[in-house]
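I have placed the structure first, in the form of structure tokens, so that the comments after it can refer back to it.
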Amino acid sequence: ATEIKVLDLTGIASFTDYFVICTGSNQRQIQAIADDVGLKLKARGELPMSVEGYDQAEWILADYGDFLVHIFSEKARLNYDLERLWKNAKPLAIPPE
């Protein structure tokens, strides 16, 4: 995944506290990112309430309640531009692995 960002929506949105946003370069990579994120979160006891867009893999949205994971194609990320739409959200630093 590239262009990984975490936005803190606490006090801004009523439906979640955080967005995790990233980009994949093609449909297969986008699905692989979603699969990997899902497995890693499942290992921590986190299961999604819903996952949308997996088959089309232009924008996969996984809803974990307190946070939403958005995995975009490059085109969809530019089109939906969540960072601009939620410009009042606080960007959080991502610690290195």
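Okay, so the sequence shown: first residue is 12 according to the numbering used here, each after it adds one.
Virtual Cβ for every residue (Gly too), placed ideally from N, Cα, C.
- DSSP places K16 outside any alpha helix (DSSP H); the residue lies instead in the beta strand (DSSP E), whose first and last residues are 13-19.
- Annotated as distal: V48 and H81, with beta-carbon spacing of 8 Å or more.
- The Cβ atoms of S84 and D74 do not sit closer than 8 Å to each other.
- Of the candidates G35, A100, I23, the residue whose Cα lies closest to the Cα of A68 is G35.
- Within its own chain, the residues whose Cβ lies closer than 6 Å to the Cβ of R88, once the five positions on either side in sequence are excluded, are T34, listed in chain order.
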